[in-house]
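Peer 1: Position 83 of the sequence shown, counted from 1, bears residue number 83 in full-length UniProt numbering, the numbering being contiguous throughout.
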Amino acid sequence: MEIEIICPFKNAWKYIDEMKKGNKKDSQLLWDAHLIQPYWDRISQWAPFDQSFMKPAGIEDLDTLEQQLKLLAEIDVDNLKSEFIRISRELPKHDEDPIIAAIYPNNNELVKARQNGVAGACVFGNIMINVNPLADNWEEWIPYVFGHEYHHSVWGHHWYVLNGGLEGNFLEYMINEGQADAFAKSLFPDLQPQWLRTLTESEEIEFWDKIKPILFSTDRHDFDKYMFGDEKSGLPWCVGYIFGNLVVNSYLRSHPQVSFTELIAVHPKEILNESIYKL
1 MEIEIICPFK NAWKYIDEMK KGNKKDSQLL WDAHLIQPYW DRISQWAPFD QSFMKPAGIE
61 DLDTLEQQLK LLAEIDVDNL KSEFIRISRE LPKHDEDPII AAIYPNNNEL VKARQNGVAG
121 ACVFGNIMIN VNPLADNWEE WIPYVFGHEY HHSVWGHHWY VLNGGLEGNF LEYMINEGQA
181 DAFAKSLFPD LQPQWLRTLT ESEEIEFWDK IKPILFSTDR HDFDKYMFGD EKSGLPWCVG
241 YIFGNLVVNS YLRSHPQVSF TELIAVHPKE ILNESIYKL
């Protein structure tokens, strides 16, 4: 698998210079001009519809951004690429098109506090890694997040490019995330994502009962609530990720011979049916 790393964060210095000069343009327009427009067509090149909602958010705190850029400049891109290639060899993607991995600065406080400053996104095969290097241990989480998003790239290629797609229900979304974390955890067993916290037995029963009614829904209106959590509905942070991981790991415990490559081809309904999490 050919992987190309691009570093839009390097262009942020131009954004900072124009902001400090008191450029009359809106800050978001400047951010778009320097960090989005030069790269977005390549990042989203395989998307069949507009993905503008996934564009990395602008950063207006210039002092913080400068601190971030000085730390991000220390990234050894060649070593990082070697690590990404190592990850890809653990889960081959039989595709001639290279994967682009774009590294952006990030200033989201939730990401800093709960995700070690590193968040990822898969844009129909290509990958964005949004990094706040002011967070603890951010360097070691970049490969984990790449592994998670790379799995999405392979999963999507299998089901949507080679096999015409699935139903688009919440179960598929949840199992996709569960497989991605299981794969990344297999490569980095010493890292423990906060979003995969352990539930008590009573919590598992309570929250699973809340998720079950939506599993086969294709109405994406509530997907974020059940995946990322919603306090008003009594759903803890990242509850969908927790159960995606639990269901996938339950399936793998009863099918230890199944590789991650083989697992991708197992239908999400089969994974659920052969786990301990019953309807």
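A virtual CB, placed ideally from N, CA and C, is assigned to each residue, including glycine.
For residue 149, which of 118, 136 and 135 has the nearest alpha-carbon?
Peer 2: By 1-based counting over the sequence shown, the position of residue 149 is 149. Residue 118 is the option with its Cα nearest to residue 149.
Peer 1: Measure the C-alpha to C-alpha separation of residue 273 and residue 222 and round it to an integer number of angstroms.
Peer 2: On the sequence shown, position 273 is the one that residue 273 refers to. On the sequence shown, position 222 is the one that residue 222 refers to. Rounded to the nearest angstrom, the two C-alpha atoms are 23 Å apart.
Peer 1: If you pair each beta-carbon of the segment 72-80 with each one of the segment 153-162, do three or more pairs fall below 8 Å?
Peer 2: Segments in contact, no.
Peer 1: According to the Cβ coordinates, are residue 62 and residue 16 closer than 8 Å?
Peer 2: By one-based count along the sequence shown, residue 62 stands at place 62. By one-based count along the sequence shown, residue 16 stands at place 16. Contact: yes.
Peer 1: State buried or exposed for residue 246, treating a residue as buried only when at least 16 other CB atoms are found within 10 Å of its CB.
Peer 2: Against the sequence shown, residue 246 aligns to sequence position 246. Under this definition residue 246 is a buried residue.
Peer 1: Suppose you measure from the CA of residue 209 to the CA of residue 27; what does that come to, to the nearest Å?
Peer 2: For the purposes of this step, residue 209 is taken as the residue at position 209 of the sequence shown. For the purposes of this step, residue 27 is taken as the residue at position 27 of the sequence shown. Between residue 209 and residue 27, the C-alpha separation is close to 45 Å.
Peer 1: Would residue 6 and residue 100 qualify as a contact pair, given that the criterion is a beta-carbon distance under 8 Å?
Peer 2: Start at 1 with the first residue of the sequence shown, and residue 6 comes out as number 6. Start at 1 with the first residue of the sequence shown, and residue 100 comes out as number 100. It is a contact, given that the beta carbons lie within the stated cut-off.
Peer 1: Can you round the beta-carbon distance between residue 38 and residue 69 to whole angstroms, since I take them to be within the 8 Å contact cut?
Peer 2: Indexing the sequence shown from 1 puts residue 38 at position 38. Indexing the sequence shown from 1 puts residue 69 at position 69. Rounded, the Cβ-Cβ distance is 16 Å, inconsistent with contact.
Peer 1: Looking only at its chain, what residues have a beta carbon closer than 8 Å to the beta carbon of residue 277, apart from the 5 residues adjacent to it on each side?
Peer 2: Indexing the sequence shown from 1 puts residue 277 at position 277. Correct list, in chain order: 208, 243, 246, 247 and 250.
Peer 1: Assess, as a yes-or-no matter, whether the segment 81-94 is touched by the segment 108-115 under the definition of 3 or more beta carbon pairs within less than 8 Å.
Peer 2: Flag = no, the segment 108-115 and the segment 81-94 do not touch.
Peer 1: Give the DSSP-derived three-state secondary structure of residue 273 in the structure shown.
Peer 2: Stepping through the sequence shown from its first residue, residue 273 is reached at position 273. Correct three-state label for residue 273: helix.
Peer 1: How is the beta strand (DSSP E) around residue 4 delimited, first residue to last?
Peer 2: Working through the sequence shown from its first residue, we reach residue 4 at position 4. Its beta strand (DSSP E) spans residues 3-6.
Peer 1: Specify the secondary structure class of residue 58 as computed by DSSP and reduced to three states.
Peer 2: As a first step, residue 58 must be located in the sequence shown, where it is residue number 58. The answer is coil: DSSP assigns residue 58 none of H, G, I, E or B.
Peer 1: Mapping DSSP to helix, strand and coil, what is residue 38?
Peer 2: Here the question's residue 38 lines up with position 38 in the sequence shown. Of the three classes helix, strand and coil, the one that applies to residue 38 here is helix, per DSSP.
Peer 1: Residue 180: buried (16+ other C-beta within 10 angstroms of its C-beta) or exposed?
Peer 2: Position 180 of the sequence shown holds residue 180. Classification of residue 180: buried, given that the 10 Å Cβ count is 16 or more.
Peer 1: What three-state label does DSSP hand residue 119 in the structure shown?
Peer 2: Start at 1 with the first residue of the sequence shown, and residue 119 comes out as number 119. Strand at residue 119.
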